[in-house]
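Reviewing the structure listed below.
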Amino acid sequence: MSSLTSSTLESDIQSGSGSDLSMKLLFVEMGVGYDQHGQNITAAAMRACRDAISSNSIPAFRRGSIPGVSFEQMKLQIKLGVPQSLQQSLDIDKINGKILKVEVVDGGLICSSGVHVEEMGDKNDDCYIVNAAVYVGY
């Protein structure tokens, strides 16, 4: 898995550039993740990815609905919108799965959760928000 900080993900998908990173795109799933307590940007990113894929089922890969394509050929690419000041704290390796590429761009949000709860690991009342686009193809 590789991490990118420039806007190359869509061009790789559309143009097929990068021999092992290109894919035929089937659909894009979008999600939002929050970390209201503990100020952990990686937790927010993982929740955003989970939100993006949580309401979907992809039977086409398991049932052979795409001629000549098996489940093992399914590929994922992820684009994360993360506040610029927190991008260095993001641990991309904790985002698991058959992910070819993760691109991190400026986005997301830092806002007040309205409460600082030390017992929950809060350092302050910041809430971190991450946006995710999960590209699914083969």
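The numbering used here numbers the first residue of the sequence shown as 62 and each following residue consecutively.
No residue lacks a Cβ here, since even glycine has one placed at the ideal position from N, Cα and C.
Option nearest residue i by Cα separation, candidates the options
{"i": "Ala193", "options": "Ser118, Gly169 and Ser174", "result": "Gly169"}
{"i": "Ser83", "options": "Gly175, Asn101 and Met135", "result": "Met135"}
{"i": "Asp187", "options": "Ser115, Gln100, Gly94 and Pro120", "result": "Gln100"}
{"i": "Lys155", "options": "Pro128, Ile102, His177 and Val130", "result": "Ile102"}
{"i": "Gln148", "options": "Phe88, Tyr189 and Gly129", "result": "Tyr189"}
{"i": "Leu161", "options": "His98, Ser131, Tyr199 and Val130", "result": "Tyr199"}
{"i": "Glu164", "options": "Asp152, Ser174 and Gly175", "result": "Asp152"}
{"i": "Lys85", "options": "Arg123, Ala106 and Val130", "result": "Val130"}
{"i": "Val166", "options": "His98, Ile139 and Cys172", "result": "Ile139"}
Reduced DSSP category for residue i - H, G, I as helix; E, B as strand; rest coil
{"i": "Ile135", "result": "At residue 135 the sequence reads Met, which differs from the Ile that was named. If DSSP states are grouped into helix, strand and coil, Met135 belongs with coil."}
{"i": "Thr114", "result": "In the sequence on display, residue 114 carries Ile and not Thr. DSSP places Ile114 in helix when its eight states are reduced to three."}
{"i": "Ile119", "result": "coil"}
{"i": "Met91", "result": "strand"}
{"i": "Ser204", "result": "Limits of the chain in this structure are 62 at one end and 199 at the other, which puts residue 204 out of reach."}
{"i": "Asp186", "result": "coil"}
{"i": "Ile160", "result": "strand"}
{"i": "Leu151", "result": "coil"}
{"i": "Pro128", "result": "coil"}
C-beta atoms of residue i and residue j nearer than 8 angstroms
{"i": "Leu236", "j": "Val89", "result": "With the chain covering only 62 through 199, there is no way to say anything about residue 236."}
{"i": "Val178", "j": "Ile119", "result": "no"}
Evaluate contact between the segment 176-184 and the segment 139-148, counting only Cβ atoms and requiring at least three cross-stretch pairs below 8 angstroms. no
Mind the definition here: the segment 84-94 touches the segment 113-128 only if three or more C-beta pairs lie below 8 angstroms; say whether that holds. yes
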